[in-house]
Amino acid sequence: MSTTSSTLTSVLTALGGSTGIDVTDAVDAILYADRAPERGWQAQQTTLNTQAAAIEQIQSEASSLSDSLSDLQTSGGVLSSTSATSSNTSVLTASAVDSTAAGSHIIVVNSLATTGSWYSAAETSSSTALSAGSFSITANGTTTPITINSGDTLTSLAASINSQSLGVTASVVTDSSGARLTLVSQKSGSAADVSVSGATGLSFTRANTGADASLTVDGVPISSASNTVTGAISGVTLNLLSSSAGSEISLNLAPDTSSISTAVSSFVTAYNTLIKDVNSQFAYDKSTNTAGTLSGDSTIFALQSALLGATNFTGTTGSITSLSQLGISTNEDGTLSLDTDTLNSAVSSNSSAVASFFQGASSNGFAASVTNTLNTYTDSTQGAFTIDLKSISSEYTDLGNQIDTLELYVTSQQSILTAKYNAADIAIQELPQKLKQINALLNPNSDNSSS
Numbered sequence: 000m001s002t003t004s005s006t007l008t009s010v011l012t013a014l015g016g017s018t019g020i021d022v023t024d025a026v027d028a029i030l031y032a033d034r035a036p037e038r039g040w041q042a043q044q045t046t047l048n049t050q051a052a053a054i055e056q057i058q059s060e061a062s063s064l065s066d067s068l069s070d071l072q073t074s075g076g077v078l079s080s081t082s083a084t085s086s087n088t089s090v091l092t093a094s095a096v097d098s099t100a101a102g103s104h105i106i107v108v109n110s111l112a113t114t115g116s117w118y119s120a121a122e123t124s125s126s127t128a129l130s131a132g133s134f135s136i137t138a139n140g141t142t143t144p145i146t147i148n149s150g151d152t153l154t155s156l157a158a159s160i161n162s163q164s165l166g167v168t169a170s171v172v173t174d175s176s177g178a179r180l181t182l183v184s185q186k187s188g189s190a191a192d193v194s195v196s197g198a199t200g201l202s203f204t205r206a207n208t209g210a211d212a213s214l215t216v217d218g219v220p221i222s223s224a225s226n227t228v229t230g231a232i233s234g235v236t237l238n239l240l241s242s243s244a245g246s247e248i249s250l251n252l253a254p255d256t257s258s259i260s261t262a263v264s265s266f267v268t269a270y271n272t273l274i275k276d277v278n279s280q281f282a283y284d285k286s287t288n289t290a291g292t293l294s295g296d297s298t299i300f301a302l303q304s305a306l307l308g309a310t311n312f313t314g315t316t317g318s319i320t321s322l323s324q325l326g327i328s329t330n331e332d333g334t335l336s337l338d339t340d341t342l343n344s345a346v347s348s349n350s351s352a353v354a355s356f357f358q359g360a361s362s363n364g365f366a367a368s369v370t371n372t373l374n375t376y377t378d379s380t381q382g383a384f385t386i387d388l389k390s391i392s393s394e395y396t397d398l399g400n401q402i403d404t405l406e407l408y409v410t411s412q413q414s415i416l417t418a419k420y421n422a423a424d425i426a427i428q429e430l431p432q433k434l435k436q437i438n439a440l441l442n443p444n445s446d447n448s449s450s
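Sequential numbering from 0 applies to the sequence shown in numbering that gives the first Met the number 0.
Structure follows, in structure tokens:
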């Protein structure tokens, strides 16, 4: 009996300071173990997100490359652009539509087209009351009578004339000598000249006579009602700025090497951006012992091969058959370099051959070849990138469903475990009192003995 009593006393002593079970920590520890698969799935989701972002970036860069080729691929696009260069831009400037025939032209601007104009005698101010009278305005072959009512002002008279759409613009000009009514033809040229006749109550003076521009193009005399001359040279618009007093102006029409060089340079830049990104996916970082995000993606590997192969394209419809003839060379890392001098020389000497290389005879040139290759990756329904992204999205969703299912199980387990551990905790906290009661039953004289 004394041995039993001693044992119980030892147990009571051990439990006397017990605070029970930390239920939350105990349950969390078990659930953490249960969630081990979930953490793996979440890590996979993170990887999938990273892969999707990398694919979308490359997809965007591939689309940009296609865009850079679209103008080079289009007949009548930038490869057909023509520059118009004047030897004296203070006298003449010009512009040319695409595919305008190259060549030089000699132009002499004898006189500019002018607009007819008149002005009235000065009045004290724009609001001075006028005497009654009348006059007629002839413009565009039509004569219109104008009545001046007593009390009218230059301002009200100008407004009345402008409201009638006569082909002239009436304004009031004021200076130190007073205010005047001006009438200016809305178009230049002799046919649009304006005249004033039969004036009473207000006198008028002609300021300018409407006249046609006079010029010669390659010795051919030309007159034009406007200083913007079209049709004199096919596809060319001449902008006359001043007369050249008989001196000759040289106008040179040639392929627009600047625009073409910019377009080709844009292609090279877009290509390099894409190939660098693709190459980076296979680069191995020794410091972290990791490769690129998409290093194991067969689609990216195939794209890399396709891009590198595309630069070996051989044209079949002209004297220019390779990129190297246009000053485009391939570097060791697969990127391209552009020698603009070589490109400009090729464009200047044989622009049609340059266009033929990029466009081909039936849209089968270099630009179409690369674009078609890129479309197999970027097509919004059947492209390899689209398929990859759909697969990643599906896998991500499946993992999410697995996580949701596991969470349902974990939530139910949490409730069950919490209830069990709470019950155990209560039992443990009640155990010291129960042991005391047992001890008292087994050793009823212990209190008396101690006394």
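Idealized CB from N, CA, C, for every residue including glycine.
If one requires a minimum length of 3 residues, no beta strand (DSSP E) run lies completely within the region 401-449. The C-beta separation of L252 from A95 comes to about 6 Å, placing the pair in contact by the 8 Å criterion.
For I259, there is no enclosing beta strand (DSSP E); the residue is found in the alpha helix (DSSP H) stretching over T256 to S279.
Taking C-beta separations shorter than 7 Å and ignoring five residues to either side along the sequence, the partners of S242 in its chain run V108, N109, S110 and L111, following chain order. Judged by pairs of C-beta atoms under 8 Å, the region 49-57 touches the region 274-284, as three or more such pairs exist. Here P144 is exposed: its Cβ has fewer than 16 other Cβ atoms, across all protein chains shown, within 10 Å. When beta bridges are read from the DSSP output, V193 appears opposite A138. With respect to the C-alpha of I147, the residue from Y283, G200, S162 and Q413 having the closest C-alpha is G200. In the three-state scheme derived from DSSP, where H, G and I count as helix and E and B as strand, Y118 is classed as strand. Residues F357, Q358, S362, G364, A366, A367 and T370 of the same chain have their beta carbon placed closer than 8 Å to that of Q72, with the five preceding and five following residues left out of the count. DSSP, reduced to helix, strand and coil, places L47 within a helical segment of the structure shown. Separation of N349 and T339 (C-alpha to C-alpha, rounded to the nearest whole angstrom) is 15 Å. The closest CA to that of S225, considering only T114, A262 and V183, is found on T114.
The shortest CA-to-CA distance from Q43 to any of G399, K419 and Y408 is the one to G399.
Between S86 and I248, the C-beta gap is smaller than 8 Å, which places the two residues in contact.
DSSP, reduced to helix, strand and coil, places A244 outside both helices and strands of the structure shown, so it counts as coil.
Judged by their CB atoms, S222 and A212 are nearer to each other than the 8 Å cut-off.
Straight across, the Cα-Cα distance linking K435 with E429 is about 10 Å. Residues V277 of the same chain have their beta carbon placed closer than 6 Å to that of Q303, with the five preceding and five following residues left out of the count. Beyond the five residues adjoining it in sequence on each side, I319 comes within less than 8 Å, by CB distance, of L325, A345, N349, A352, V353, S355 and F356 in the same chain, given in chain order. Looking at the DSSP output, F203 sits in a beta bridge with S119. In this structure S116 does not touch A198 by the C-beta definition: roughly 15 Å separates them, more than the 8 Å allowed.
Here DSSP, grouped into helix, strand and coil, assigns A354 to helix. Of the other Cβ atoms in all chains shown, 16 or more fall within 10 Å of the Cβ of Y376; this residue is therefore buried. Sequence-distant Cβ neighbours of T334 in its own chain, meaning closer than 8 Å and more than five residues away, are Y270, N271, I274 and K275. Under a 10 Å Cβ-count criterion, T152 is classified as buried, with 16 or more other Cβ atoms of the shown protein chains found around its own Cβ. Exposed is the label assigned to Q381, since fewer than 16 other Cβ atoms lie within 10 Å of its Cβ. In the displayed model, V96 falls within coil according to three-state DSSP, outside both helix and strand. By the Cβ neighbour-count rule, G317 is buried, with 16 or more other Cβ atoms within 10 Å of its own. Here E122 is buried. Its C-beta has 16 or more other C-beta atoms within 10 Å.
Ranked by how close their Cα comes to the Cα of L239, the residues T88, V409 and L47 have T88 in first place. Using a Cβ distance threshold of 8 Å, I29 and A423 do not count as a contacting pair. Looking at the DSSP output, G102 bridges to L252. Sequence-distant partners of Y31 (beyond 5 residues in either direction) whose C-beta falls short of 6 Å from its own C-beta are missing from its chain. Cβ contact annotation for A25 (same chain, cutoff 6 Å, sequence separation greater than five): Y420, in chain order. L373 is a Cβ neighbour of A61, given a cutoff of 8 Å.
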